[in-house]
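> One structure is given below, represented as structure tokens, and several questions about it will come after.
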Amino acid sequence: MAAALAVLFVLAGCESWDRAVKDFGSNINGLQRVATVYDQGGNAIKTYKGKFDVEVNEYGNKIKFDLDGKRILIYNATVIVEEE
7 MAAALAVLFV LAGCESWDRA VKDFGSNING LQRVATVYDQ GGNAIKTYKG
57 KFDVEVNEYG NKIKFDLDGK RILIYNATVI VEEE
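Sequence positions in the sequence shown follow this note's numbering and run 7 to 90.
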């Protein structure tokens, strides 16, 4: 029991542990985020705001999320997603 508490205490101050906890929360509830889609010239063409999680495919050319009950799929674009 003491060993488990010691491991938990050590991990609680670790950045990778903090990221894992945030990833878990994001997967369960989503996070307040802003996703901005840019064209090839670097101009913003669409911005999405809300509470959502983001899924990226293995090739990096598709991003998927649900916002306000609608599925959003973006292919072959530069997308910057920031937590609010």
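Heads up, the beta-carbon is just placed ideally off N, CA and C, and yes, glycines get one too.
Considering only C-alpha positions, which residue in the set Asn82, Glu21, Phe58, Gly56 is nearest to tyrosine 65?
Restricting attention to Asn82, Glu21, Phe58, Gly56, the CA atom closest to the CA of tyrosine 65 is found in Asn82.
> Rank Gly56, Leu73, Asp45, Gly36 by C-alpha distance to the C-alpha of valine 85 and give the top, closest one.
Asp45
> Please report the distance separating the alpha-carbon of isoleucine 78 from that of asparagine 63.
Straight-line spacing of the CA atoms in isoleucine 78 and asparagine 63 works out to 14 Å.
> With a Cβ-Cβ cutoff of 9 Å, do lysine 55 and valine 43 count as a contact?
No, the pair does not count as a contact, with Cβ atoms beyond the cut-off.
> Going by Cα to Cα distance, which pick from Asn49, Val60, Gly48, Ala26 is closest to glutamate 89?
Val60
> With lysine 57 and leucine 37 assumed to form a contact (beta carbons below 8 Å), what rounded beta-carbon distance in angstroms separates them?
7 Å
> Run through the DSSP bridge pairs and tell me what glutamate 89 is partnered with.
Its beta-bridge partners are Arg39.
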